[in-house]
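Visitor: Can you read through this structure? Questions will come right after.
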Amino acid sequence: MRGHSFIYSTLTYSTLMAATLALPFAAGTAQAQVPLNARPAIGGQVDAQHQFILDYAKQPGVEMSTNGVAYRFLRKKEPAVGQQPNPSNRIRVHYEGRLTDGTIFDSSYQRDETAVMSLEKVVKGWVEVIPRMHVGDKIEMVIPAEMGYGQKGSGDGVIPAGATLIFKVELFEVMPGELRSKGAG
């Protein structure tokens, strides 16, 4: 049975890579190109998650980061002026995080309060895409597990191992420096 698993994995990987390479040429329109390093990890769960990203990347206006984060602007200031965050900044945002099945795992909207966070302390997918935003922009990101919580998940069972994450983020403010921990003086 192990041989069948290997063959299935090889065929799935080959199919995924063929779809990845064909993606820019599909439908004759400009679409996001999935980088070759955005490969499926181990098992059918992750393969399905990567397929979700490939399907999302076919939608109009979707771009792809170097490490396989698919994103599109839901609201973009025109002309694109104003402050943009860098990885050493704190940011004030509204956001919603959900899984591919639609389960919301975190939402500042539901708490009715914006969140302030250090960009250095969020998942890698945010660090790669949020600096492309200007204050006032709203973006949707589809983050592969490798750029999110990986094969371990969040540890509390809320985000499963190998999960692709979907975030909507509104950027309200960019602030210098790292977020101070509670009790720091």
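What the sequence shown shows, in mature numbering (1 follows the signal peptide of the UniProt record, and there is no 0), is residues -32 to -1, 1 to 153, in sequence order. Glycine included, each C-beta is placed from N, C-alpha and C at the ideal position.
1. Judging by CA-CA distance, which residue of Gln17, Glu138, Phe20 is the nearest neighbour of glutamate 81?
2. Is asparagine 5 buried or exposed, if buried means 16 or more other CB atoms sit within 10 Å of its CB?
3. Using a threshold of 8 Å, state whether the C-beta atoms of valine 142 and isoleucine 72 are closer than that.
4. Would you identify the three-state DSSP class for serine 76, choosing helix, strand or coil?
5. Please name the residue in Thr132, Lys136, Ala83 whose C-alpha comes closest to that of glutamine 119.
6. Does the structure place the region 16 to 28 close enough to the region 90 to 106 that three or more beta carbon pairs sit under 8 Å?
7. According to DSSP, is histidine 102 part of a helix, a strand, or is it coil?
8. Can the beta-carbon of valine 95 be found less than 8 Å from the beta-carbon of isoleucine 134?
9. Can you name, in chain order, every residue of its own chain whose Cβ lies under 6 Å from the Cβ of residue 155, other than the five neighbours on each side?
10. For isoleucine 21, does the three-state DSSP call read helix, strand or coil?
11. Considering only the beta carbon of each residue, do alanine 83 and valine 61 sit closer than 8 Å?
12. To which residues of the same chain is residue 155 closer than 6 Å at the C-beta, ignoring the five residues directly before and after it?
13. Can you look up lysine 136 in the DSSP assignment and give me helix, strand or coil?
14. Cβ of methionine 115 within 8 Å of Cβ of asparagine 57?
15. Across which residues does DSSP place isoleucine 107 in a beta bridge pair?
Guide: With the given structure in hand:
1. Here the closest residue by C-alpha is Glu138.
2. Its pLDDT being 44, under 50, asparagine 5 is placed unreliably in this model, and the coordinates cannot settle the point.
3. Contact: no.
4. Assignment of serine 76 by DSSP, reduced to helix, strand and coil, places it in the helix class.
5. Distance check between glutamine 119 and each of Thr132, Lys136, Ala83 places Thr132 closest, using alpha-carbon atoms only.
6. Put simply, the region 90 to 106 does not touch the region 16 to 28. Fewer than three CB pairs are less than 8 Å apart.
7. It is coil, neither helix nor strand.
8. No.
9. What is shown of the chain runs -32 to 153, which leaves residue 155 out entirely.
10. Here isoleucine 21 sits in helix by DSSP.
11. At the C-beta level, alanine 83 and valine 61 come within 8 Å of one another.
12. Here the chain has residues from -32 to 153 only, and residue 155 is not among them.
13. Residue state, collapsed to three classes: strand.
14. The answer is no: Cβ separation not under 8 Å.
15. Beta bridge pairing from DSSP links isoleucine 107 with Phe41, Val137.
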